[in-house]
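Enquirer: Encoded as structure tokens, here's the structure I'll be asking about.
Laid out in structure tokens, this is it:
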């Protein structure tokens with residue numbers, strides 16, 4: 108049986124990765140918007 112103690116680090120790491128990719132996605136969207144609107 109897997110304990111809460113063993114799961115915690117994985118959950119935390121996944122949240123960090125999800126948040127990181129979310130931020131990265133927003134940054135990319137803003138850069139693309141700027142590129143397209145500058146024409």
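Numbering (the working numbering), first residue to last: 108 to 146.
Glycine included, every Cβ here is placed at the ideal spot set by N, Cα and C.
Model, not experiment: these values are computed from the prediction.
Could you tell me the alpha carbon to alpha carbon distance between residue 110 and residue 119, rounded to whole angstroms?
Expert: Going by the C-alpha atoms only, they are around 15 Å apart.
Enquirer: With respect to the alpha helix (DSSP H) encompassing residue 110, which residues constitute its N-terminal and C-terminal limits?
Expert: No alpha helix (DSSP H) contains residue 110, which DSSP labels as neither H nor E.
Enquirer: Using only the alpha-carbon positions, how far apart do residue 127 and residue 113 sit?
Expert: Those two C-alpha atoms are separated by around 23 Å.
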